[in-house]
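Worksheet for the structure shown next.
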Amino acid sequence: MYLKATVLFSLLASSLALPTANVDRKVKRGVLSVQDYSQFQVSDGVAGNALDEVNAKFPIDPSDYASVSEEDLEILKAARETAEAAETEAGGFNDAIEAAGGKDTPEGQALQNGKIKNKVLKLQLQVMALEIEAAQGKDTADKLAEKLKKLDKNVKEDQAAAGQPSQSVNFQGTSQP
């Protein structure tokens, strides 16, 4: 009788101790939130470290791009579109630089520095989105190479103007997908 109970108890205990299926338990949670352009723009201040400023405003871990949520990816894409609009649309950098008398005036130069920082914002967001898509299985190699080249050029321009005043524009937009 005791032998049966011991054997049954042993079998029960050993079956509970068996390893379970190795299921990926990572939960994709968003780390970004929808913001107004004025909250995520990096053009105010001084030139020289735009890339670091962008990465601080959009803190996605590059070592784990494969697990970035769809929501965060869409926020990155929407923020990039807004940054591009702040450069080219009415009321954006191009209009502001022209209204300031061109980029050779002190105000125009500060706006030009802000425009370069905005280009770094736009391009870094696009590079991040493409790298995330690549990590998640999409072929983005050609477009990524093109955008990395443009990003590198604009980062160098920003660094060349290090310490100079940089001015943003009052542009209305959000990172709402």
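FYI, the numbering for the sequence shown is -17 to -1, 1 to 160, going by mature numbering (1 follows the signal peptide of the UniProt record, and there is no 0).
We treat Cβ as the ideally placed atom computed from N, Cα and C, and that holds for glycine.
Taking the C-alpha atoms as reference points, what is the distance between residue i and residue j?
i    : j    : result
G156 : G120 : 30 Å
L104 : E140 : 13 Å
V17  : I58  : 7 Å
V138 : A39  : 15 Å
G13  : E54  : 6 Å
P42  : E114 : 14 Å
Q107 : D78  : 23 Å
G28  : E36  : 11 Å
D44  : L15  : 12 Å
A144 : G31  : 6 Å
Q147 : A33  : 12 Å
S158 : D19  : 6 Å
T123 : V25  : 26 Å
L94  : K126 : 28 Å
L134 : G84  : 27 Å
A4   : Q142 : Caution is warranted here: a pLDDT of 45 is assigned to A4, below 50, making its placement in the model unreliable, and the coordinate value is therefore given only provisionally. Distance between the alpha carbons of A4 and Q142 is about 51 Å.
S52  : K132 : 26 Å
E67  : S149 : 17 Å
Can you tell me where the alpha helix (DSSP H) with residue i in it begins and where it stops?
i    : result
Q140 : Gln is not the amino acid found at residue 140; the sequence shown has Glu there. First-last of the alpha helix (DSSP H) with E140: 124 to 143.
G97  : 89 to 118
S21  : 20 to 23
T71  : 53 to 71
N77  : 76 to 82
L15  : Per DSSP, L15 belongs to no alpha helix (DSSP H) and is neither H nor E.
A39  : 33 to 40
Identify which residue in the options has its Cα closest to the Cα of residue i.
i    : options                : result
A128 : E70, A112, V14, N32    : A112
A117 : D47, A93, P160         : D47
K98  : L134, A124, D122, S151 : S151
S21  : G91, G85, V51, A62     : A62
By a C-beta neighbour count over all protein chains shown, 10 Å radius and 16 as the cutoff for buried, is residue i buried or exposed?
i    : result
E65  : The amino acid occupying residue 65 in the given sequence is Thr; Glu does not appear at that position. Buried.
N96  : buried
L130 : Here the sequence assigns Lys to residue 130, which means Leu is not the residue at that position. Buried is the call here.
G75  : buried
A49  : exposed
G91  : buried
K100 : buried
A82  : exposed
K102 : buried
A73  : exposed
Does residue i have its Cβ less than 7 Å from a Cβ in chain B?
i   : result
P42 : Absence of chain B from the displayed structure is noted, only one protein chain being present.
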